[in-house]
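As numbered in the working numbering, residues 22 to 168 make up the sequence shown, in order. Every residue gets a Cβ at the ideal spot worked out from N, C-alpha and C, and that includes glycine. Note that the structure is a prediction, hence the values are computed from the model and not measured. The next block holds one structure in the form of structure tokens; read it before the comments.
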Amino acid sequence: MLGGANGSDAVTDQFNASLGQRLRMARRQRGWSLGDVEEMTGGEFKASVVGAYERGERAISVQRFVRIAEIYGFHPSDLLPTKSTVESASETLTIDLDALAADDGDQLAERFLNAIRLLRKEPGGSEVRRSDLAALGALLQTVTSDR
Numbered sequence: 022m023l024g025g026a027n028g029s030d031a032v033t034d035q036f037n038a039s040l041g042q043r044l045r046m047a048r049r050q051r052g053w054s055l056g057d058v059e060e061m062t063g064g065e066f067k068a069s070v071v072g073a074y075e076r077g078e079r080a081i082s083v084q085r086f087v088r089i090a091e092i093y094g095f096h097p098s099d100l101l102p103t104k105s106t107v108e109s110a111s112e113t114l115t116i117d118l119d120a121l122a123a124d125d126g127d128q129l130a131e132r133f134l135n136a137i138r139l140l141r142k143e144p145g146g147s148e149v150r151r152s153d154l155a156a157l158g159a160l161l162q163t164v165t166s167d168r
């Protein structure tokens with residue numbers, strides 16, 4: 022597997038997230054949806070699996086990575102994240118909840134989280150992804166980023 026055998030450590034998670042972003046960028050550059058990829062590969066790459074790769078939720082084997090790079094028309098090395106890309110993914114995101122509550126931002130945050138659940142068609146208790154937190158923090162103007 023790319024990123025190492027142990028998928029639970031932070032470096033592997035960062036690598037998988039960075040690789041996934043690059044895979045998504047390559048697919049979108051072609052103007053393809055996840056469904057398009059599944060269709061054109063005859064089901065070799067299921068849309069849900071490619072989506073999990075792109076979100077960094079699932080590690081991809083070297084063989085499948087090389088194959089998908091070929092399908093997208095890229096050399097595999099062009100899609101590998103650089104060290105700086107992986108390092109930037111490790112930034113900590115903090116939302117100041119005290120400031121949020123003081124500005125009645127809690128209602129805005131609740132509406133935002135409900136919108137996430139609705140868009141994903143997931144019941145309560147669904148996970149909030151890093152990209153969701155970044156968008157919420159920017160919306161509330163309460164984001165700090167530190168290393």
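Check                                                                                                                                : Outcome
Cutoff 7 Å; reference proline 102; Cβ partners in own chain excluding five residues on either side                                   : Phe36, Ser39, Leu40 and Arg43
Supposed contact pair phenylalanine 66 and glutamate 59 - C-beta distance, whole angstroms, cut 8 Å                                  : 6 Å
Rounded straight-line distance, which links the Cα of arginine 45 to that of alanine 110                                             : Residue confidence is low: alanine 110 scores 49 on pLDDT, short of 50, so the model does not pin down where it sits. Its coordinate-derived value is still stated next. Looking at the two C-alpha atoms, the distance is approximately 16 Å.
Contacts around valine 70, its chain only, beta-carbon distance under 6 Å, and the 5 residues preceding and following it disregarded : none
N- and C-terminal bounds of the alpha helix (DSSP H) containing isoleucine 89                                                        : 83–93
C-alpha distance - phenylalanine 95 paired with arginine 49, whole-angstrom precision                                                : 13 Å
Residue environment, glycine 63, which counts as buried when at least 16 other CB atoms sit within 10 Å                              : exposed
Separation of aspartate 30 from isoleucine 89, as counted between CA atoms                                                           : 25 Å
Within 8 Å, strictly: CB atoms of glycine 77 and leucine 55                                                                          : no
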